[in-house]
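**Student:** Residue numbers (our numbering): 97 to 218. Even glycine gets a Cβ: it sits at the ideal position worked out from N, Cα and C. Would you mind keeping the following structure in view while I ask a few things?
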């Protein structure tokens, strides 16, 4: 914090602690990494990219955890998605609301990363 208050940039602060060979690499796009919670619950009638994303993740998870019904990633949160969410919540010890709230979103993301082994790519 003191270095930041002295006007050091983030890279200068990192180099202060880790040496001059450190650099920051930028990527235009990173595929497959789960996105942040949209800031609102997803439930029956919700539509769009966030719904499609979570449907894709649930469907991938369902290939390993076969108690969870497979989902067609169409971007429409309907009864089939709700059933898959409820079963996911049951399997992973969450309240079985069928709603993708903050805790459910991040548990889906966490399990998705584990089953797809995205974390192993770094």
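DSSP puts residue 138 in a beta bridge; with which residues?
**Tutor:** Within the chain shown, residue 138 is the residue found at index 42, counting from 1. According to DSSP, which records beta bridges pairwise, residue 138 is partnered with 196.
**Student:** What is the rounded straight-line gap between the Cα of residue 100 and the Cα of residue 119?
**Tutor:** Taking the chain shown and counting its residues from 1, the one referred to as residue 100 is at position 4. Taking the chain shown and counting its residues from 1, the one referred to as residue 119 is at position 23. Roughly 18 Å between the two C-alpha positions.
**Student:** Taking 7 Å as the cut-off, decide whether the C-beta atoms of residue 187 and residue 158 are in contact.
**Tutor:** Locating residue 187 in the chain shown gives position 91, counting from the first residue. Locating residue 158 in the chain shown gives position 62, counting from the first residue. The answer is no: Cβ separation not under 7 Å.
**Student:** Mapping the DSSP letters down to three states, classify residue 172 as helix, strand or coil.
**Tutor:** Counted from its first residue, the chain shown places residue 172 at position 76. In this structure, residue 172 counts as strand in the three-state DSSP scheme.
**Student:** Between which two residues does the alpha helix (DSSP H) harbouring residue 166 extend?
**Tutor:** Here residue 166 refers to the residue found at position 70 of the chain shown. Segment: none, residue 166 is in no alpha helix (DSSP H) and carries neither H nor E.
**Student:** Apart from the five residues just before and just after residue 113, which ones in its own chain have a Cβ nearer than 8 Å to its Cβ?
**Tutor:** Translated into the one-based positions of the chain shown, residue 113 becomes position 17. Same-chain partners within the cutoff: there are none.
**Student:** Would you say residue 173 faces chain B, with C-beta separation under 7 Å as the test?
**Tutor:** In the structure shown, chain B does not exist; there is a single protein chain.
**Student:** Would you check if the distance between the CB atom of residue 134 and the CB atom of residue 146 is smaller than 7 Å?
**Tutor:** Within the chain shown, the letter at position 38 stands for residue 134. Within the chain shown, the letter at position 50 stands for residue 146. The answer is yes: Cβ separation under 7 Å.
**Student:** From what residue to what residue does the alpha helix (DSSP H) around residue 106 run?
**Tutor:** Here residue 106 corresponds to residue number 10 of the chain shown, with the count starting at 1. First-last of the alpha helix (DSSP H) with residue 106: 106-114.
**Student:** Assuming contact is defined by CB atoms lying nearer than 7 Å, are residue 180 and residue 195 in contact in what I supplied?
**Tutor:** Position 84 of the chain shown, counted from the first residue, corresponds to residue 180. Position 99 of the chain shown, counted from the first residue, corresponds to residue 195. Not a contact, by the Cβ cut-off of 7 Å.
**Student:** Can you give the Cα-Cα distance for residue 155 and residue 106, rounded to whole angstroms?
**Tutor:** Position 59 of the chain shown, counted from the start, is the residue given in the question as residue 155. Position 10 of the chain shown, counted from the start, is the residue given in the question as residue 106. Straight-line Cα distance between these residues: approximately 39 Å.
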